[in-house]
Amino acid sequence: MALASTDTVIRTGRTSRFIIYTVLIVFCIYYLLPLYVMLVNSLKPLDEIRGGGMLSLPQEWTLAPWGSAWSTAQIGVEATGLRPYFLNSLLMVVPAVAISTMLGALNGYVLTKWRFRGDTIIFGLMLFGCFIPFQMVLIPMARMLGLMGLAGTVPGLIFVHLVYGIGFSTLYFRNYYAQFPDELVRAAMIDGAGFFRIFQRIMLPSSGPIAVVCIIWQFTNIWNDFLFGASFADFDSQPMTVALNNLVSSSTGVKEYNVHFAGAIMAALPTLLVYVVAGRFFVRGLMAGSVKG
Amino acid sequence: MGFLDIKNATKSYGTVKVLHETDISVEEGEFLVLVGPSGCGKSTLLNMIAGLEEVTSGEIAIRGNRMNEVRPADRNIAMVFQSYALYPNMNVAQNIAFGLEMHGVVKAERDKAVQGVAELLQITQLLDRKPGQLSGGQRQRVAMGRALVRDPDVFLFDEPLSNLDAKLRVDMRTEIKKLHQKLGRTIVYVTHDQIEALTLSTRIAVMFGGYVQQLGTPKEIYDNPANMFVAGFMGSPSMNLFPAKLSAADGKAFANFALAEGGTGSLAVPDPALARHDGRDIILGIRPEAITDPDGADRNSKDIHHVEARVEITEPAGSDTFVVTEFGGKEVTGRFRADVDVKPAKVQTFAVNMEKAVLFDPVTEERVV
Amino acid sequence: MEQSVPTRNKLGDKLADFLPKLVLSPSLAIVLIFVYGFIFFTFYLSFTDSRILPSFGLVGFENYDKLFRLRAWSIAVDNLFIFGGLYIVICCALGLMLAILLDQKIRSEGFIRTIYLYPMALSFIVTGTAWKWFLDPGIGLEAVVQSWGWTSFEFNWIKDRNMAIYTIVIAAVWQTSGFVMAMFLAGLRGIDNEVLKAAQIDGASNWALYRRIVIPQLRPAFMSAFVVLAHMAIKSYDLVIALTNGGPGRATELPATFMYSYTFTRNQMGIGAASATLMLMTIAAIIVPYLWSELREKK
């Protein structure tokens, strides 16, 4: 990825550099502002927010909103907090990511190293599947999940995410393996390795970076999904995003903004953490989904 | 029947035929080089021998056994690739041992074999390194080690030296030749470099356009090219080819051609039978080393003839000076001794050794005599 | 070495030849059924009298006819044009500007990039929640500015039927503009410096350099950004739900929310399917040529 710093030949004067830095810093504030708002307001009592102090630091620091959001807040009809839904999301995201990454790796391997007539068409079909508006599959999928006995369950959600995650996983691994020399596979064939042995001994050991990219992408996407969760989950199998939306938009009682913000940060934390730790791979994944290279 | 037989083999992709009916029989211990420009079908043929590409029609046989349907791994062959194709995740020892491991050789035996090959190739100190930590020449050695350790019936080399710099390429060439002399194994070697072909091989197949143009020993190929393609492709600087017209006088044949400054050059052709072809157009092929200064001409030749022609340009090359003139409207290069004083734009005597001349038909481009 | 004719298991060979396709086939089957089969199913439903449950009585183009007469649909489509147009234009402009500024050998560029890009890692639901309360006149920006002493300050777009759609643009731009910046930055870094040096020697000013040489070379990046943004705009659902839930009234309905509510809460499945079909066709018109050209070039 060409994001690494390179020398620019363009020279800028002192004044323009001052302006450039000012603009860049202003935008830093712009992008950070909502995060700041969520954070400080999740740590103050409700009346401080109501008093118009949304941008000020808490006068009285409190973790109570976090506690409430995690374990006692009213979600839908029950006062369970977000904890069970956080767990649902974890239970959903781990298998879905693992399986779709594994399938993507195998598909990418076949599509680049065992090419056959029509493989590009198959790949194109898979890829287009990533971009369709999922409204197009909601109705039949609801029926299908019912037929499979998975309606309203976490396994049902795992299955849905798996199905619509294959395209991107395949894209990543295909593009990665395409740069992997064919001669390596030929050498391994002459050495006597078969289809799976080449995959396991030659391809997989060199797939670390792209596997990270793929896992992060799938993790972020599936964790952040709302449409499938809202469409196919029951009350007790809802993922975090759906529960958060229920918490925030519930029309009954007092609006506990601080709790909402605490909940929002909880929902954001896993993906944010991944981003901070492995942002480089996250960006690579984003770019691979859109730009060549 | 030879050791490795290519019988009437062809290769087509859809309707495109990239290799036409090819017959080559390789004896045990032979070093066969397939040489030709890119796209001539040489790599395709090698891959067919390896089993990496299917044979469209015809047969590949090793030790008399038909190999067409046999998997690469079961053909008892080993291959050295252009990019070396070292497994990046394994160290040198694991790379070399991988083939043995896949063929079920036990660990102790593998280690012994790896050690033996490493000593032979002098890479013992590299065994623990990953391919990424090796220089080009070292990778080349490891790739050869990986092939040698298998102790196969046939070694296949796919342009193994083309990724090395010039100096290293010459060293490795010598090394491969030594290995072949020492081990006496059968080798099929693909290259586009005609010097590699001439120096390494016991036999050469010159390929072009999906056809084997000529199959023969390096000397046959060099001295008696079957057609103009082979004549032009093999040898450096390449053979001079220029149009001439035959004439007959006193039962002898002469080749006549125009000279740049006007006038006609005339050279007696050794084969008197050509006198029958009075008036026929031909292409005359003469290698640069057969066009010399009169004192530098081959004293054993009975057919040295002189031509006076204007020098266009001189190219001193240290040991020799290449002198360019024009015969029959084509640039012709002669090879003079370095200490001969030759000046451009001056008329100079060129001594042509007609014993080494070959004649081609201008239409079919095939050899006439 | 002793060499015998390799004993060969023909059946095993056939299997081995077939293995790659066998490995690919589950994925292919999944895609064929769950993407293309389902697309066809929904497409078919759009021509039926399905209401609360799928039904297979064909009614021709009736659903499409109804759809186009529905005020809710025309609002959703109008909104999509306003939202999509502004979203794409602002994201591209902002992204390009930030990319160019960041490309001036900025100290701690990596750090700034990280800040610009982190919203992409968030769920639209989180983004929606944050902006929903930040834009809420009762407690958010308006209240804050008023508490600073500017008591007449008003910013109540999110409650205003005519302006609410622009709040969606604000939140969506906040989330994705950093990503567009990264795409342009990658494009900028791919430009050959020698060309720029040559232009400088020719006497081009920085402004001319960018306008005449650099930006024209970013065409592929613009192309990619447009395709990605357009397809995200058409699929926008989560953000609207979290930020305004389509309100006030229907002021921020988009086709995606329209489809959902008509199919699952208003029990007009036929009309819902028709609207989904139209969404798919729009996206296909953008994505298919793009994928086509990408896949062809890679060959």
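Chains as they are written, first to last, in the numbering used here: chain A, 64 to 356; chain B, 295 to 663; chain C, 9 to 307. Where is the CB? At the ideal position from N, CA and C, for every residue including glycine.
I'd like to confirm the pairing. Which residues does DSSP put opposite residue i in its beta bridges?
i              : result
F536 (chain B) : B:L578
M501 (chain B) : B:V506
E141 (chain A) : A:I138
Y317 (chain C) : Since the displayed chain C opens at 9 and closes at 307, residue 317 (chain C) lies outside it and no answer follows.
N647 (chain B) : B:I598
Q642 (chain B) : B:A603
P610 (chain B) : B:T615
T558 (chain B) : B:A552
Y483 (chain B) : B:V327, B:F451
T56 (chain C)  : C:L66
S541 (chain B) : B:F548
Determine the closest residue to residue i out of the options, with distance taken between C-alpha atoms.
i              : options                        : result
R127 (chain A) : A:I112, A:I162, A:P203, A:L106 : Arg is not the amino acid found at residue 127 (chain A); the sequence shown has Ala there. That would be A:L106, whose Cα lies nearest to the Cα of A127 (chain A).
S560 (chain B) : B:F536, B:I371, B:V601         : B:V601
Q367 (chain B) : A:C277, A:A306, A:A251         : Checking the sequence shown, residue 367 (chain B) turns out to be Ala, not Gln. Checked all of A:C277, A:A306, A:A251; the closest Cα to A367 (chain B) is A:A251.
D288 (chain A) : A:L307, A:G271, A:V275         : A:L307
A441 (chain B) : B:N389, B:V605, B:D422, B:K336 : B:N389
Q419 (chain B) : B:K406, B:A387, B:F630, B:A549 : B:A387
G545 (chain B) : B:T558, B:I598, B:A569         : B:A569
Q508 (chain B) : B:E321, B:G323, B:K336         : B:K336
A378 (chain B) : B:D317, B:L458, B:E413         : The amino acid at residue 378 (chain B) is misidentified as Ala; the sequence shows Tyr. Comparing Cα-Cα distances from Y378 (chain B) to each of B:D317, B:L458, B:E413, the minimum goes to B:L458.
N238 (chain A) : A:L169, A:I202, A:S294         : A:L169
V563 (chain B) : B:A391, B:A407, B:L653         : B:L653
A293 (chain C) : A:G292, A:A159, A:I285, A:F191 : A:F191
G579 (chain B) : B:T619, B:A538, B:R604         : B:A538
I133 (chain C) : A:R347, A:V340, A:H323         : A:H323
For chain A, find out if any of its Cβ atoms is closer than 8 Å to the Cβ of residue i; answer yes or no.
i              : result
F392 (chain B) : yes
P28 (chain C)  : yes
T50 (chain C)  : yes
S332 (chain B) : no
M396 (chain B) : yes
E363 (chain B) : no
V97 (chain C)  : no
Is there a Cβ from chain B that is less than 8 Å from the Cβ of residue i?
i              : result
S269 (chain A) : yes
D182 (chain A) : no
P244 (chain A) : yes
A136 (chain A) : no
I202 (chain A) : no
Taking the straight line between their C-alpha atoms, what separation do you get for residue i and residue j?
i              : j              : result
N518 (chain B) : L428 (chain B) : 43 Å
I585 (chain B) : V641 (chain B) : 15 Å
K637 (chain B) : V448 (chain B) : 53 Å
L335 (chain A) : F345 (chain A) : 11 Å
T85 (chain A)  : R115 (chain C) : 13 Å
L118 (chain A) : K167 (chain C) : 21 Å
Y381 (chain B) : I265 (chain A) : 6 Å
E649 (chain B) : G529 (chain B) : 17 Å
F76 (chain C)  : V85 (chain C)  : 10 Å
L414 (chain B) : V443 (chain B) : 10 Å
G278 (chain C) : G65 (chain C)  : 11 Å
F51 (chain C)  : K205 (chain C) : 55 Å
Taking 8 Å as the CB-CB cut-off, is residue i touching chain C?
i              : result
A330 (chain A) : yes
S131 (chain A) : no
C91 (chain A)  : yes
T69 (chain A)  : Residue confidence is low: T69 (chain A) scores 45 on pLDDT, short of 50, so the model does not pin down where it sits. Its coordinate-derived value is still stated next. Chain C, which has a Cβ nearer than 8 Å to the Cβ of T69 (chain A), makes this yes.
F191 (chain A) : yes
F298 (chain A) : no
R77 (chain A)  : no
H323 (chain A) : yes
query = Which residues, taken in chain order from the region 113 to 127 of chain C, show a beta carbon closer than 7 Å to some beta carbon of chain E?
reply = Checking the listed chains, one finds no chain E in this structure; the protein chains it contains are A, B and C.
Continuous alpha helix (DSSP H) assignments of at least 4 residues falling wholly in the region 347 to 396 of chain B = 386 to 396
task = Give, in chain order, every unbroken run of the beta strand (DSSP E) that is at least 3 residues long and sits entirely within the region 74 to 103 of chain A.
result = none
key: Complete alpha helix (DSSP H) runs within the region 125 to 171 of chain C (minimum length 4 residues, chain order)   = 132 to 142, 149 to 155
request  = Counting only runs of 3+ residues fully inside the region 254 to 294 of chain C, write out the beta strand (DSSP E) ranges in chain order.
outcome  = none
task = Kindly provide the ranges of any alpha helix (DSSP H) runs that are 4 or more residues long and lie completely inside the region 238 to 316 of chain A, ordered along the chain.
result = 245 to 253, 258 to 261, 271 to 287, 290 to 295, 303 to 312
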